[in-house]
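Sequential numbering of the sequence shown, starting at 65, is according to the numbering used here.
Notes follow once the structure below has been shown.
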Amino acid sequence: MFLTAFIRRTISIQRSVPIKHSFYSTGTSSRDAFILEQQAEKEHAGKTANLWRKISILYVLADLSLFIVFSICIPALLLSGANALQLYLKHHDHLSHVLEERENDPTPEYPYLDQNIRNKKFFWGKQDICMFSVILT
Numbered sequence: 065m066f067l068t069a070f071i072r073r074t075i076s077i078q079r080s081v082p083i084k085h086s087f088y089s090t091g092t093s094s095r096d097a098f099i100l101e102q103q104a105e106k107e108h109a110g111k112t113a114n115l116w117r118k119i120s121i122l123y124v125l126a127d128l129s130l131f132i133v134f135s136i137c138i139p140a141l142l143l144s145g146a147n148a149l150q151l152y153l154k155h156h157d158h159l160s161h162v163l164e165e166r167e168n169d170p171t172p173e174y175p176y177l178d179q180n181i182r183n184k185k186f187f188w189g190k191q192d193i194c195m196f197s198v199i200l201t
């Protein structure tokens, strides 16, 4: 009994699913265009992967001699590392110089600037309320 009810339900569901017919279409279907686009992407991905495999150090190590690695790659890494170290040391020296200038600065600190000391009343009449709180209320 359960099996027959299940079969009837699945058959009725399958019958009720609409089937799309395109009797009047004159061009190629969108499915064909999608497949062509997917194949073009696969070809492009394959070419790009091949290019990067050739560029990588593994290709250099596998196909070319170690002479190229030691004469091009490692010196380039050493030069770029030396440049980065030089820039870091210059930056560190500049920061230490700036900190020394701030320590010897004769201008005093004003710790009471955040106390909102006012010598005149606001023109709207309330001493402790700023104009923005008056507008918003």
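Yeah, the Cβ is synthetic: ideal placement off N, Cα and C, and Gly gets one too.
Assign residue i to one of three DSSP states: helix, strand, or coil.
i: Phe98; result: helix
i: Pro175; result: coil
i: Asp157; result: helix
i: Phe187; result: coil
i: Ser120; result: coil
i: Pro170; result: coil
Can you tell me the Cα-Cα spacing of residue i and residue j, whole angstroms?
i: Trp116; j: Glu105; result: 16 Å
i: Ile138; j: Ser144; result: 10 Å
i: Ala113; j: Ile119; result: 10 Å
i: Ser135; j: Leu142; result: 11 Å
i: Glu107; j: Ile99; result: 12 Å
i: Gly110; j: Leu159; result: 49 Å
i: Glu101; j: Arg95; result: 10 Å
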